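Asker: So the sequences go chain by chain: A and B.
Numbering of the first sequence is given in my numbering, commencing with residue 794 and proceeding in unit increments.
Numbering of the second sequence is given in my numbering, commencing with residue 794 and proceeding in unit increments.
2 protein chains.
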Amino acid sequence: MRLARLLGPDLKQILNEDPEQVRDLLDEIHPEDLADIVGELEPDEAAKLLAQLSAEDAAPIFGRLEEDEQGEIAPLMSPERVAHIASEMAPDDRADFFSVLPVSVSDVILEKLEVVDPEAAEDVREIEKWPETSAGHLMTTAYVRVAPDVAVRTAIAAVRAHAEDHKENVYNVYALDSNERLVGIASLCDLLLASHEQPLGEILRTNVISVKPTDDQEDVARQMARYDLAVVPVVDDKEVILGVITVDDIIDVLTAEQTEDVQKLGAVEPLDVPYFKTSFLSFIRKRGVWLIVLFVEEFFTQTALRYYDPVFEAIKGAAYYVPLLISTGGNSGSQSSTLIIRGLAVGEIKPHDWWRILFREAGMGLVLGLMLGAIGFFRVLMYPEQHTDFALTVALTLVGIVMTGCTIGSMLPLVLKRVGVDPATSSTPFIASLVDVLGIVIFVYAAKLVMANVLQAAGVH
Amino acid sequence: MRLARLLGPDLKQILNEDPEQVRDLLDEIHPEDLADIVGELEPDEAAKLLAQLSAEDAAPIFGRLEEDEQGEIAPLMSPERVAHIASEMAPDDRADFFSVLPVSVSDVILEKLEVVDPEAAEDVREIEKWPETSAGHLMTTAYVRVAPDVAVRTAIAAVRAHAEDHKENVYNVYALDSNERLVGIASLCDLLLASHEQPLGEILRTNVISVKPTDDQEDVARQMARYDLAVVPVVDDKEVILGVITVDDIIDVLTAEQTEDVQKLGAVEPLDVPYFKTSFLSFIRKRGVWLIVLFVEEFFTQTALRYYDPVFEAIKGAAYYVPLLISTGGNSGSQSSTLIIRGLAVGEIKPHDWWRILFREAGMGLVLGLMLGAIGFFRVLMYPEQHTDFALTVALTLVGIVMTGCTIGSMLPLVLKRVGVDPATSSTPFIASLVDVLGIVIFVYAAKLVMANVLQAAGVH
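#1: For Ser-1276(A) and Thr-1221(A), which I take to be in contact (beta-carbon distance under 8 Å), what is that distance rounded to the nearest angstrom?
#2: Based on Cα-Cα distance, which residue from Thr-1218(A), Gly-1213(A) and Phe-1236(A) lies nearest to Thr-1197(A)?
#3: Beta carbon of Ser-927(A), beta carbon of Pro-992(A): below 8 Å?
#4: Could you tell me which chain A residues have their CB closer than 8 Å to the CB of Leu-1165(B), listed as they occur along the chain?
#5: 8 Å is my cut-off, CB to CB: does Ile-1077(A) come that close to chain B?
#6: Using the rule of at least 16 other Cβ atoms within 10 Å of the residue's Cβ for burial, across every protein chain shown, is Asn-1246(A) buried or exposed?
#7: Mapping DSSP to helix, strand and coil, what is Pro-1026(B)?
#8: Which residues in the same chain as Ala-1184(A) place their Cβ atom closer than 6 Å to its Cβ, once the five residues preceding and following it in sequence are excluded?
#9: Mind listing, in chain order, the continuous alpha helix (DSSP H) runs of no fewer than 4 residues lying wholly within the stretch 829-902 of chain B?
#10: Check whether the Cβ atoms of Leu-1118(B) and Ile-1194(B) sit closer than 8 Å, and answer yes or no.
#11: Counting along the chain, where does the beta strand (DSSP E) carrying Val-917(A) start and finish?
#12: Any Cβ of chain A within less than 8 Å of the Cβ of Met-794(B)?
#13: Reducing DSSP to helix, strand and coil, say where Phe-1236(B) ends up.
#14: When we look at the beta-carbon of Lys-1031(A) and count the other beta-carbons within 10 Å, is it buried (16 or more) or exposed?
#15: Measuring straight from C-alpha to C-alpha, what distance separates Lys-1158(A) and Glu-833(B)?
#16: So what does Tyr-967(B) bridge to, in DSSP terms?
#17: Excluding the 5 residues flanking Ala-1111(A) on each side, which residues of the same chain have their C-beta closer than 6 Å to its C-beta?
#18: Under three-state DSSP, which class holds Val-1013(A)?
#19: With a CB to CB cut of under 8 Å and the five nearest residues on each side skipped, what residues in its chain are close to Leu-906(A)?
#20: Can you confirm whether the stretch 885-905 of chain A touches the stretch 858-868 of chain A when touching is taken to mean that 3 or more C-beta pairs between the two stretches lie within less than 8 Å?
#21: Please confirm if Phe-1279(B) has its CB atom under 8 Å from at least one CB of chain A.
#22: Distance check for Pro-1177(A) and Ala-1097(A), CA to CA, integer angstroms please.
#23: When DSSP builds the beta bridges, which residues end up paired with Pro-992(B)?
#24: Does the structure place the stretch 1196-1213 of chain A close enough to the stretch 1134-1152 of chain A that three or more beta carbon pairs sit under 8 Å?
#25: Since Val-1001(B) is in the beta strand (DSSP E), which residue starts that stretch and which ends it?
#26: Contact criterion: CB-CB distance below 8 Å. Does Pro-1067(B) meet it with respect to chain A?
#27: At a CB-CB cut-off below 9 Å, which residues of chain A make contact with His-823(B)?
#28: Counting along the chain, where does the alpha helix (DSSP H) carrying Val-1104(A) start and finish?
#29: Can at least three beta-carbon pairs, one atom from the stretch 999-1015 of chain B and one from the stretch 922-942 of chain B, be found at a separation below 8 Å?
#30: Between Gln-1179(B) and chain A, is the shortest Cβ-Cβ distance under 8 Å, so that the two count as touching?
#31: Could you tell me whether any Cβ in chain A is nearer than 8 Å to the Cβ of Ala-935(B)?
#32: Against Ala-1333(B), what residues of chain A qualify as contacts under a CB-to-CB distance less than 9 Å, listed in chain order?
#33: Measuring CA to CA, which of Arg-998(B), Val-1160(B), Val-1214(B) and Asp-850(B) is closest to Glu-821(A)?
#34: Report, in whole angstroms, the separation of the C-beta atoms of Gln-1128(B) and Gly-1059(A), which I expect to be a contact under 8 Å.
#35: If you reduce the DSSP assignment to three classes, tell me which class Ile-1119(B) lands in.
#36: Between the C-alpha atoms of Asp-1041(A) and Phe-855(A), what's the straight-line distance to the nearest angstrom?
Right, dumping it as structure tokens:
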């Protein structure tokens, strides 16, 4: 973004007037930065520009555009042209690009790609068949493959041949048997350290950490972080290699998943595109749904208060303490659910730990509730018109409400996880609203316990 | 975790009885998994075990223990022993380890390390002088350095020499001039593709992306993700190289920072250690502080309701709508603040965009408020005792409250960022409480506007 803004309009104008210059710029500026600049052009200008470059030059820029930009620009070029650019893209970027397009458009382009580069078209089909957030969808089919029984010299030749075709960095060579099963891995460092005549088999690492194509991308990220891997191979149940996942894609995944989690915690349907690129209407939809759900849920507080009207009528000013009390329950519930949701996301907490968590959270709720109860007790007594009875009712309510908040806040994410729903799904505000209603009930029962005489005098039972 | 639990007690027993076997296990099991198992031992058992291994074997296990485990185990071994283990650790892990220890302990060990491995001690001092979350603190001083005017053959020899000393994977060689300034980079792939006799200068990439030692680790992560880097060099203002940062450390950073952000959003002081390892008391402290702050803040709702008592007395049942109305304001505020906080964290939003955001959020608040207002209007009229006047008051309040929630929720994180406070710091619940108080005021003014006759009849002005 920064470079695009700095160079900004000047460069845009030059690019527009003399696209030949892009060739020179490619040597000077990282394609990522060029993609930023192209992304700021109007789609038809961007399409015109990309169409004037060779496919080889256009591919690294096009591949780095945001998904929505790709989707806007591609239909403005001829399908043949797009197919040529796609054939020069990295296999994983290419598959991502095809999954952005509407089926009608992507079918036409894929048909053209079939002619231009049948292998690339095959790759797209292989990657696209896996679910969007799985290892299979994230992998690239561009990796260096060798037979396990060759000499190091041959493996180096394979790296050379691969590097001439692909711009991306190579880290490892993969030794496959005649059935495409992964036998072992050698890093480029291993190859450099060996002599050219040495059999590859002698330096192969056979204790390979791999992932399955159906593994969730977050699990893949965790595996790679845990074992400090720059690349991880994707193998099927028969150990046949399907592709490899590189760490730079994992960082993008982690950031995107985290954005999604945070937005869900904040009761927003995850946005697929950055804040300023999300349309007003799409915001209204993504926020409105949850606001309405929570609003309807919160209506039960009004119903509960109305139902217990005689109690609130009998205790002068009691209704004014309700927002304070129930929001404290909501806050403690949010704390617990946040801790559990994050613990589940990074794998520190497993659903079967539920009873340990329940025990801890109930204990924590008790202690925190007693602390707040003590503060509440003295605060109420600061009003000359309030009696110890009412202060005690407030304190008791706080203990009950914070304990309820902590236990519900910690258990609900575990239940959601168990039934297969993402625990982050709006659960913090949802728990807050749930605890709000329960808080009113707790308050009424605390009052009935402590202030029985006042309520009886007013004819409430 | 998983392997440690699977192999569990059996393996623990073997390790305890016959530590010699660890040597064999090192070939079979990834040190990360062994570290899990050692981490589950009692600190004195773990210390005894590590003390019986050679420093070279102990280092990869010890370096992978959690920080709190390292801090517990290290003081149970002799300082000489720890110094020997430290000298075998990767420079970045070593520096992390020293920053875990209390100064009194780390000084003694560093003194011993000075004798065992003066260069390693120097490295620790170099890395430790940078702030904890900076690029300088994250870097390792283990990288391959060559002169820019050598032949490729010499660069390969340098990789060989380095790899014999260090277990970690090598990705690049760094060409430095006589003043240690970074001139260019060649990847191992570049070296493999070149002929041995070719001058290194011919294949050097001179357009190097680097970071400063003072850069924040999150910015480093973003740079590496953006430019698909597996390693990034850290250089000072004079382009002198200080170290390199590898991508596996960046993934750990991203995960840790995200955990911190989520916990802050949920009004918990960030935990430094996993959920189950955090002590009960430390939880009470980290949660209690924020619960009390929010509780005190929320007390203003009670003060406001008490202040406007005549209004709520005059309108039968009005107080029962307060929790519903103010929590809706809080929810819309949470949505806005979540979107802005995340946008700031990933760099999609800059503080100077504030007026665009204000404009958008106010508009969104208006539309969302009108939607909820319409639902609220009809819901109120479902009660036979309620009049259109009151339904209109509720609807008007909702519009005002949602607009307030959206604008305050979006602006406060920007203000916090501007004054240098992390915008994630508990701002969602804080905004919710703030909007709660404002919500009561909005309700009262809406009532005064729509229900002037009712209030006047009751003597309220």
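Cβ coordinates follow ideal geometry from the N, Cα and C atoms, glycine included.
All values reported here derive from a predicted model rather than from experimental measurement.
Answerer: On the basis of the data shown:
#1: Past the edges of chain A, shown from 794 to 1254, lies residue 1276(A), and the structure says nothing about it.
#2: Phe-1236(A)
#3: For the 8 Å CB-CB criterion, Ser-927(A) and Pro-992(A) do not form a contact.
#4: Leu-1084, Ile-1085 and Phe-1088
#5: yes
#6: exposed
#7: strand
#8: A distance below 6 Å between beta-carbons, with the five flanking residues on each side excluded, links Ala-1184(A) to the following residues of its chain, in chain order: Phe-1170, Val-1173 and Leu-1174.
#9: 836-845, 848-857, 860-866, 872-881 and 884-893
#10: Yes. Within cutoff.
#11: No beta strand (DSSP E) holds Val-917(A); the alpha helix (DSSP H) holding it covers 911-921.
#12: Unreliable placement is indicated for Met-794(B), whose pLDDT of 40 sits below 50; no coordinate value is reported for it.
#13: helix
#14: The residue is exposed, with fewer than 16 neighbouring Cβ atoms inside 10 Å.
#15: Strictly speaking, residue 1158(A) in this sequence is Gly, with Lys absent from that position. Taking the straight line joining both Cα atoms gives about 28 Å.
#16: Beta-bridge pairing links Tyr-967(B) to Arg-938(B) and Ile-978(B).
#17: Phe-1105
#18: helix
#19: Ala-876, Ala-879, Ser-880, Ala-913, Ala-914 and Val-917
#20: yes
#21: With chain B covering 794 to 1254 only, the question about residue 1279(B) has no answer from this structure.
#22: 29 Å
#23: Ala-944(B)
#24: yes
#25: Counting along the chain, Val-1001(B) falls outside any beta strand (DSSP E), and DSSP gives it neither H nor E.
#26: yes
#27: Asn-1000, Ile-1002, Arg-1019 and Tyr-1020
#28: 1102-1107
#29: yes
#30: no
#31: no
#32: No statement about residue 1333(B) is possible, as the shown extent of chain B runs from 794 to 1254 and does not include it.
#33: Arg-998(B)
#34: 6 Å
#35: helix
#36: 18 Å
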